[in-house]
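Q: Protein chains in written order, with this note's numbering: chain A, 1 to 110; chain B, 1001 to 1110.
Number of protein chains: 2
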Amino acid sequence: MDDAKRQRLEAAGWRFGSVKDFLGLSEDEAAYIEVKLSLTTALRECRVREGLTQVELARRLGSSQSRVAKMEASDPTVSLDLLIRALLAAGASRAEIGAAIASDEDRPAA
Amino acid sequence: MDDAKRQRLEAAGWRFGSVKDFLGLSEDEAAYIEVKLSLTTALRECRVREGLTQVELARRLGSSQSRVAKMEASDPTVSLDLLIRALLAAGASRAEIGAAIASDEDRPAA
DNA sequence: TGCGGTTATGTCAAATCAGACATAAGATCC
DNA sequence: GGATCTTATGTCTGATTTGACATAACCGCA
């Protein structure tokens, strides 16, 4: 992972372990965060496409507007569970969610 | 969702809301559980393919053998977060995880 | 049979995450 | 300017999730 990507992720509010750890296990750590970011993007796209407000989606989901906002802001306190439940509530198919996770489209230019 | 699928999911230890709820939001609820089951299957496959024991995977993941066992048993106390982190630790690619989520292969005959 | 290695199940304190609320900030209208 | 709609941010308390531990069960194999 290059510095640009690291900076981008840290800017999004993520904290990494020590620099040593950063070179160790963190291929996985980075991939995990990228998955989250991908789903974050997909969620906003899906919600807007469906013409839903955050409040409406929150109601469907049994959650609150603030939590939806945090989801779309990649807030670290939002779990993958919540993201995926939100996507389903927003009308995303399993295929769409799978594609978002698999996609590398949010990768910055190498 | 037919009774067979419901039964299958409930047998795996999942609890549903009331019957009324069951007919309401639960397309999503069911999809969510199916995603979990798909990842569960993918995890076991991936771990075995990589020749890892549950203990080894747990160490890589910074978790415990019992938790890995629960993941593979579709225990309701295991979150999607943990499943996906486990898959990454087991060497699964984002593409593989995405494919597992999108896949309908665990769907029973209609 | 007993013995390693592996996996399954039950429980619990500590950590994390959730929904809710307040409130601020933007946008768009009049 | 204000009014309204939407989204963003901060924080609190309760609920869920987690790693850890104990222990049981399973599976070859000698």
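By construction, the Cβ of each residue, glycine as well, lies at the ideal position given by its N, Cα and C atoms.
(1) What in chain B is Cβ-close to D111 (chain A), meaning under 8 Å?
(2) Assuming contact is defined by CB atoms lying nearer than 8 Å, are L52 (chain A) and A100 (chain A) in contact in what I supplied?
(3) Whose C-beta lies closer than 7 Å to the C-beta of L87 (chain A) among residues of the same chain, with five residues either side of it excluded?
(4) In terms of residue numbering, what span does the alpha helix (DSSP H) encompassing T41 (chain A) cover?
(5) Buried or exposed: where does V1068 (chain B) fall if 16 or more other Cβ atoms within 10 Å of its Cβ makes it buried?
(6) Answer yes or no: does any C-beta atom of chain B fall closer than 8 Å to that of A42 (chain A)?
(7) Can you grab the Cα-Cα spacing for the pair I84 (chain A) / L1057 (chain B), in whole Å?
(8) Any idea if D1104 (chain B) is buried or exposed, counting beta-carbon neighbours within 10 angstroms, 16 or more meaning buried?
(9) Taking the alpha helix (DSSP H) that D1081 (chain B) belongs to, which residues open and close that run?
A: Short version:
(1) Absent from the model: residue 111 (chain A). The displayed extent of chain A is 1 to 110, so no value can be given.
(2) Against a cut-off of 8 Å, the Cβ pair of A100 (chain A) and L52 (chain A) comes out as no contact.
(3) The beta carbon of L87 (chain A) sits closer than 7 Å to the beta carbons of L39, A42, L43, C46 and I97 from its chain, once the five residues preceding and following it are set aside; these are given in chain order.
(4) T41 (chain A) -> alpha helix (DSSP H) spans S26 to R49.
(5) A residue is called buried when at least 16 other Cβ atoms come within 10 angstroms of its Cβ; V1068 (chain B) meets this threshold and is buried.
(6) No - not a single Cβ of chain B is within 8 Å of the one on A42 (chain A).
(7) For I84 (chain A) and L1057 (chain B), the distance between alpha carbons rounds to 25 Å.
(8) Counting Cβ neighbours within 10 Å, D1104 (chain B) comes out exposed, since fewer than 16 surround it.
(9) Residues L1080 to A1089.
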